[in-house]
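Report on one structure; see the data block that follows.
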Amino acid sequence: MFSNNRKNAPPAVGTAATSLIARGVTLRGDILFSGALHLDGVVEGSIHADPGSDGVLTISETGRVIGRVEVPQAVINGGVTGNIEVSERLELAPLARIDGDVHYQVLEMAAGAQVNGKMVHRAPQTVRQLAQAAIEVAPALTEA
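Set out below in structure tokens:
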């Protein structure tokens, strides 16, 4: 009745887990993630995706970040107080409120989204150079 017909099934490869910070939760400190991070609560600290990962940050209308954001992809419909560095694609939904500078490669901005800061476009070559520099600097940071 409860047999497991998948005993010899290979493990799922390439599936990224989604982490959730729920509404009503306030997290104080920096976050380093891979895969996907969905934010309905508040983060007081920086949010970074693993260098070289395909990390996706989603901030809902109840989500808020007070700190720096550095990710490959982001969909923002909440608030960010701090600078944002998106190396690939940034989507600002109608309720997005950004107080800080925004660096992006591809931008989609809906009517109603607000940015109080500089918008800086990064060319694809520049993004690759920044990613390579981050990878080269990372070992030096862990040794210190």
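Residue numbers (my numbering): 1356 to 1499.
Quick reminder that beta carbons are idealized off the backbone N, C-alpha and C, glycines included.
Being a predicted model, the structure only gives us computed values, none of them experimental.
Would you check if the distance between the CB atom of Lys1417 and the CB atom of Ala1391 is smaller than 8 Å? If you number the sequence shown from 1, residue 1417 lands on position 62. If you number the sequence shown from 1, residue 1391 lands on position 36. One detail in the question is off: residue 1417 reads as Thr in this sequence, not Lys. No; because the gap between Cβ atoms is not below 8 Å, this pair is not in contact.
Which same chain residues end up closer than 7 Å to Ala1448 when comparing Cβ atoms and leaving out the 5 residues on each side of it in sequence? On the sequence shown, position 93 is the one that residue 1448 refers to. Excluding residues within five positions, the ones whose Cβ falls inside 7 Å are Val1430, Ile1431, Asn1432, Ala1465, Ala1468.
Can the beta-carbon of Ile1490 be found less than 8 Å from the beta-carbon of Pro1427? Position 135 of the sequence shown, counting from 1, holds the residue named residue 1490. Position 72 of the sequence shown, counting from 1, holds the residue named residue 1427. Against a cut-off of 8 Å, the Cβ pair of Pro1427 and Ile1490 comes out as no contact.
State yes or no: is the beta carbon of Val1457 nearer than 8 Å to at least one beta carbon in chain C? Annotation note: the requested chain C is absent from the structure, which comprises a single protein chain.
Assigned exposure category for Ala1488 - 16 Cβ within 10 Å defines buried: The residue you call residue 1488 lines up with position 133 of the sequence shown. Ala1488 should be labelled exposed.
Can you tell me where the beta strand (DSSP E) with Glu1443 in it begins and where it stops? In the sequence shown, counting from the first residue as 1, residue 1443 sits at position 88. First-last of the beta strand (DSSP E) with Glu1443: 1439 to 1447.
Less than 8 Å between the C-beta atoms of Asp1385 and Ser1408, yes or no? Residue 1385 sits at position 30 when you count from the first residue of the sequence shown. Residue 1408 sits at position 53 when you count from the first residue of the sequence shown. With respect to Ser1408, Asp1385 sits apart: the two C-beta atoms are not nearer than 8 Å.
Can you look up Pro1406 in the DSSP assignment and give me helix, strand or coil? Indexing the sequence shown from 1 puts residue 1406 at position 51. Pro1406: coil per DSSP, three-state reduction.
Taking 7 Å as the limit between beta carbons, can you name the residues of its chain near Pro1479, skipping five residues before and five after? Residue mapping note: residue 1479 aligns to position 124 of the sequence shown, counting from 1. Taking Pro1479 as the centre and dropping the five residues before and after it, the same chain places the C-beta of Gln1460 closer than 7 Å to its C-beta, in chain order.
Alpha carbons only, please: which of Leu1375, Val1435, Leu1445, Val1441 is nearest the one belonging to Leu1394? Position 39 of the sequence shown holds residue 1394. Ranking the options by Cα distance to Leu1394, first place goes to Leu1375.
Look at the alpha carbon of Ser1389 and the alpha carbon of Arg1383, and state the distance between them as a whole number of angstroms. Start at 1 with the first residue of the sequence shown, and residue 1389 comes out as number 34. Start at 1 with the first residue of the sequence shown, and residue 1383 comes out as number 28. Rounded to whole angstroms, Ser1389 to Arg1383 spans 19 Å at the Cα level.
Contact defined as beta carbons within less than 8 Å: I believe Gln1396 pairs with Thr1381. What is the distance between those atoms, to the nearest angstrom? Position 41 of the sequence shown, counting from 1, holds the residue named residue 1396. Position 26 of the sequence shown, counting from 1, holds the residue named residue 1381. The residue asked about is misnamed: residue 1396 is Gly in this sequence, not Gln. Sure, about 6 Å apart at Cβ, within 8 Å.
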